[in-house]
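*Asks:* With the working numbering, the residue at position 60 of the sequence shown is 71, and numbering never jumps.
Note that CB positions come from ideal geometry on N, CA and C, so glycine has one too.
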Amino acid sequence: MIGTGASAIQFVPVIREEAEQVTVFQRTPPWVTPHRNRPITDLERALYRRVPAAQKAVRGLVYSAREMFVSGMLRNGKGLDKLEKLARRHLNAKITDPVLRAKLTPDYRPGCKRLLPSNDWYPALQKANVEVVTDAITGITPTGVCTADGIEHEVDTIVFGTGFRVTDHPIAGKIVGADGRTLGEHWADTGMRAYLGTTVAGFPNLFMMAGPNTGIGHTSLVVMIEAQLRYVVGALRTMRSRDLASVDVRPEAMDRYNAEVQEKAATTVWNVGGCASWYLDSEGRNTTLWPDYTFRFRRLTRTFDPTAYELVPARRRVRDALTAR
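1) Starting from Ser257, trace the beta strand (DSSP E) both ways and give me its first and last residue.
2) Curious, which full-length alpha helix (DSSP H) runs of at least 4 residues does the region 17-61 contain?
3) Figure out for me which residue from Met219, Arg38, Thr168, Ala246 has the closest Cα to the Cα of Met235.
4) Which runs of the beta strand (DSSP E) fall wholly inside the region 130-203 and span at least 3 residues, in chain order?
5) List the whole-angstrom C-beta distance separating Tyr133 from Leu102, where the pair is believed to meet the contact cut-off of C-beta under 8 Å.
6) Report the rounded CA-to-CA distance for Thr314 versus Gln21, giving the unit in angstroms.
7) With respect to the beta strand (DSSP E) encompassing Tyr206, which residues constitute its N-terminal and C-terminal limits?
8) Which first and last residues belong to the beta strand (DSSP E) in which Pro324 is found?
9) Please state the DSSP three-state secondary structure of Ile106.
10) With H, G and I counted as helix, E and B as strand and the rest as coil, what does DSSP make of Ile13?
11) Just verifying my parser: in three-state terms, what is the DSSP assignment at Leu7?
12) Inspect the CB distances between the region 177-192 and the region 30-46 and report whether three or more fall short of 8 Å.
13) Taking the straight line between their C-alpha atoms, what separation do you get for Ile227 and Leu126?
14) So Lys67 is in the alpha helix (DSSP H); what residue range does that whole segment cover?
15) How would you call Phe214, buried or exposed, if buried means at least 16 neighbouring beta carbons within 10 angstroms?
16) Counting pairs of beta carbons, one from the region 261-281 and one from the region 300-308, are three or more of them closer than 8 Å?
17) Between which residues of its own chain and Ile106 is the CB-CB distance below 7 Å, once the five residues before and five after are set aside?
18) Taking 7 Å as the limit between beta carbons, can you name the residues of its chain near Thr178, skipping five residues before and five after?
19) Candidates Glu28, Leu97, Arg61: which alpha carbon is nearest His46's?
20) State the Cα-Cα distance for the pair Thr154 and Asn140, rounded to the nearest angstrom.
21) Under the three-state reduction of DSSP, which class applies to Asn269: helix, strand or coil?
22) Closest to Ala199 by C-alpha separation, out of Ser82, Ala183, Asn130, would be which residue?
23) Using 9 Å as the threshold, is the C-beta distance between Arg61 and Glu95 below it?
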């Protein structure tokens with residue numbers, strides 16, 4: 012198993028039960044917190060069925076709690092100390108071997124990399140048929156994995172739990188803008204950027220969900236997607252009411268928005284938490300996460316602002332097409 016991130020903590024405990032021996036190659040240990048998950052009781056289900064407002068109230072409380080949770084990450088301050096203590100208690104309680112515990116102790120601020128809730132990750136790593144290797148991988152042979160200490164670890168199957176390249180959107184190479192270049196080519200020059208994570212200058216009528224800087228490090232991504240959907244619906248209604256052929260976000264509006272996002276991100280734990288993560292691109296810019304409270308993103312996307320866009324009336328589009336003939 013190569014990797015100890017969000018994928019690995021889910022399938023290592025399961026694979027360990029079937030495999031004779033599992034070797035886990037770790038580059039950077041994650042912060043792991045208790046997974047406080049529980050079944051919804053029959054009483055709660057009955058209450059939610061009969062009183063829908065009760066379910067909405069609980070959802071509101073959960074949402075508010077998650078919004079409060081992000082405060083420490085935004086400031087990279089004392090708010091994270093409590094989170095670190097919680098994660099350390101979890102580690103100390105689950106891992107009794109001091110050598111293994113040292114291997115699994117992060118040296119960066121919690122939240123800098125993705126926080127991982129799990130109750131079975133640490134117990135799995137202590138099993139007799141699991142070994143954690145922290146030496147860097149130097150090569151792969153037909154029979155095993157070589158590490159920097161000169162050892163070849165014999166394996167018959169390699170599982171990559173290394174995630175994916177979040178900045179390499181496959182669809183970006185298939186979307187062509189007004190200048191004939193693909194979205195991928197534009198982003199290769201400028202980095203992943205969008206206006207409100209939804210529209211990109213030079214790509215009229217392109218609306219995307221979960222675009223740049225809409226990822227979430229503290230709550231449900233559904234909150235952001237719902238906000239984007241409302242924004243897109245507002246754009247479509249504006250186009251219909253004004254008889255528009257296309258809307259294209261103005262470059263200056265997109266530039267101004269992204270400058271504000273990067274300014275906010277600069278002091279967050281995701282940028283300065285002391286780790287290297289997939290949240291940042293090769294230039295050190297946070298192009299993935301929303302560096303603020305989600306209620307502020309919801310406020311920004313509440314209504315479609317036509318002044319931020321180049322609006323092309325349907326009549327002009329028809330006229331231009333006829334002229335081109």
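*Replies:* Taking the geometry as given:
1) Here residue 257 refers to the residue found at position 246 when the sequence shown is read from its first residue. Unbroken beta strand (DSSP E) run through Ser257: 255-260.
2) 19-29, 53-61
3) Reading the sequence shown from its first residue, position 224 is the one you call residue 235. Among Met219, Arg38, Thr168, Ala246, the Cα nearest to that of Met235 is on Met219.
4) 141-144, 148-151, 155-158, 163-165
5) Position 122 of the sequence shown, counting from 1, holds the residue named residue 133. Position 91 of the sequence shown, counting from 1, holds the residue named residue 102. Tyr133 to Leu102, Cβ: 7 Å. Contact.
6) Taking the first residue of the sequence shown as position 1, residue 314 is located at position 303. Taking the first residue of the sequence shown as position 1, residue 21 is located at position 10. Each residue's alpha carbon lies about 39 Å from the other.
7) Here residue 206 refers to the residue found at position 195 of the sequence shown. That residue, Tyr206, is in no beta strand (DSSP E); it is neither H nor E in DSSP.
8) Here residue 324 refers to the residue found at position 313 when the sequence shown is read from its first residue. Its beta strand (DSSP E) spans residues 320-324.
9) In the sequence shown, residue 106 corresponds to position 95, counting from 1. Correct three-state label for Ile106: coil.
10) Position 2 of the sequence shown, counting from 1, holds the residue named residue 13. Reduced to three states, the DSSP call for Ile13 is strand.
11) The displayed coordinates of the chain run from 12 to 336. Any statement about residue 7 would go beyond what the structure contains.
12) no
13) If you number the sequence shown from 1, residue 227 lands on position 216. If you number the sequence shown from 1, residue 126 lands on position 115. Whole-angstrom Cα-Cα distance: 11 Å.
14) Reading the sequence shown from its first residue, position 56 is the one you call residue 67. It spans 63-80 - the alpha helix (DSSP H) in which Lys67 sits, taken as one unbroken run.
15) Here the question's residue 214 lines up with position 203 in the sequence shown. That one is buried.
16) yes
17) As a position in the sequence shown, residue 106 is number 95, starting the count at 1. These residues qualify, in order along the chain: Arg112, Leu115, Tyr133, Gln137.
18) For the purposes of this step, residue 178 is taken as the residue at position 167 of the sequence shown. Met203, Asp292, Thr298.
19) In the sequence shown, residue 46 corresponds to position 35, counting from 1. Of the candidates Glu28, Leu97, Arg61, the one whose C-alpha sits nearest the C-alpha of His46 is Leu97.
20) By one-based count along the sequence shown, residue 154 stands at place 143. By one-based count along the sequence shown, residue 140 stands at place 129. Taking the straight line from one Cα to the other gives about 19 Å.
21) Locating residue 269 in the sequence shown gives position 258, where the first residue counts as 1. Reduced to three states, the DSSP call for Asn269 is helix.
22) Mapped onto the sequence shown, residue 199 falls at position 188. With distances taken between Cα atoms, Ala199 lies closest to Ala183.
23) By 1-based counting over the sequence shown, the position of residue 61 is 50. By 1-based counting over the sequence shown, the position of residue 95 is 84. Not closer than 9 Å, so no.
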